[in-house]
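Asks:
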Amino acid sequence: MALNQEMCDIYRLNNLHKNEFNLKFVVIGDFGVGKTSIINRYVDGEFSQKYCITIGADFSLKTIEWDDDTRIFLQLWDIAGHEKFSSLTGVFYRHSVGAAIVFDLTRPETFNSVPQWLNDLRRKTQLPDGKNIPVVILANKGDMTVDTMPQEITDFCENNNILAWYITSAKSNIQIDEAMIRLIMESLNPIEIEYTKVDNNIIKLNETKKTSKPFWKCFNT
Ligand SMILES: Nc1nc2c(ncn2[C@@H]2O[C@H](COP(=O)(O)OP(=O)(O)OP(=O)(O)O)[C@@H](O)[C@H]2O)c(=O)[nH]1
Ligand SMILES: [Mg+2]
Numbered sequence: 034m035a036l037n038q039e040m041c042d043i044y045r046l047n048n049l050h051k052n053e054f055n056l057k058f059v060v061i062g063d064f065g066v067g068k069t070s071i072i073n074r075y076v077d078g079e080f081s082q083k084y085c086i087t088i089g090a091d092f093s094l095k096t097i098e099w100d101d102d103t104r105i106f107l108q109l110w111d112i113a114g115h116e117k118f119s120s121l122t123g124v125f126y127r128h129s130v131g132a133a134i135v136f137d138l139t140r141p142e143t144f145n146s147v148p149q150w151l152n153d154l155r156r157k158t159q160l161p162d163g164k165n166i167p168v169v170i171l172a173n174k175g176d177m178t179v180d181t182m183p184q185e186i187t188d189f190c191e192n193n194n195i196l197a198w199y200i201t202s203a204k205s206n207i208q209i210d211e212a213m214i215r216l217i218m219e220s221l222n223p224i225e226i227e228y229t230k231v232d233n234n235i236i237k238l239n240e241t242k243k244t245s246k247p248f249w250k251c252f253n254t
């Protein structure tokens, strides 16, 4: 016990110089598209075939040693697909600085809900400078099929200021890390928000300036 405490103290002393940031991302989309599975894959490296429906919302934490000077505490909020258009989504979205909208390639109709999820998100969230929070779209279950890829996804992303879209698989661990890294990079860098250090678990967002123009990019396998 004492040794553990000592090791913790040494670890903390060695890392005192690091800037620590809290980022909150929400993961949204219709029921059964794989939101929980994507989060479990990303946070725990695990996947289960079993469908355990999410009720309300859940969240997971991942600590990321971003670089020698930066540590990120990433909160991933897993919003139940059945919460669609619920008045509660606004509460779950609060303080989020990034979002992933997921649809299921084996059920193309779940892509039809993406505009509604985006609309709900955009109505209820904004960055401190009043701009939209960055969004990626994840076309999940890419291990099963890519034949049903919606033709209009490229146009949709371009017209709706979507940061990027990815064909993902929680099962085969395809492009989930890439999507999250892209979202983190956008949240930390181009928007140029000064995220002050974590202080008593309160995140203070101080706006500075936005220098980069919004852009869209697609990452396909
Ligand atoms: N083959 C395959 N199956 C997946 C993948 N992702 C999720 N699944 C399966 O799809 C089902 C639903 O996954 P969940 O992650 O629970 O879906 P969800 O979006 O969280 O659903 P709700 O909580 O109801 O909103 C489960 O049986 C998963 O095993 C994937 O990438 N490939
Ligand atoms: Mg779920």
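If you count the sequence shown from 1, position 175 lands on 208 in my numbering, and the numbers rise without skipping.
Positions of the beta carbon are idealized from the N, C-alpha and C atoms, including for glycine.
(1) I need the DSSP call for Ser202, collapsed to helix, strand or coil.
(2) Take every Cβ of the segment 132-144, pair it with every Cβ of the segment 42-56, and state whether three or more of those distances are shorter than 8 Å.
(3) Excluding the 5 residues flanking Asp232 on each side, which residues of the same chain have their C-beta closer than 8 Å to its C-beta?
(4) Could you give the DSSP three-state label for Ser120: helix, strand or coil?
(5) Should Glu39 be labelled buried (16 or more other beta-carbon atoms within 10 Å of its own) or exposed?
(6) So, using beta-carbon positions, are Pro167 and Ser202 closer together than 8 Å?
(7) Nearest to Ala172 by CA position, among Ile88, Leu56, Lys57 and Val66, is which residue?
(8) Going by other Cβ atoms of all chains shown within 10 Å of its Cβ, with 16 needed for buried, is Met213 buried or exposed?
(9) Do Phe54 and Leu216 have their C-beta atoms closer together than 8 Å?
(10) Return yes when the C-beta of Thr201 is under 7 Å from any heavy atom of ligand 2, and no when it is not.
(11) For Gln208, count neighbouring Cβ atoms within 10 angstroms of its own Cβ and tell me buried if that reaches 16, exposed if not.
Replies: This is what the structure holds:
(1) strand
(2) no
(3) In this prediction, Asp232 has a pLDDT of 43, which is less than 50 and means its spatial position is unreliable; nothing more can be read from the coordinates.
(4) coil
(5) exposed
(6) no
(7) Val66
(8) buried
(9) no
(10) no
(11) buried
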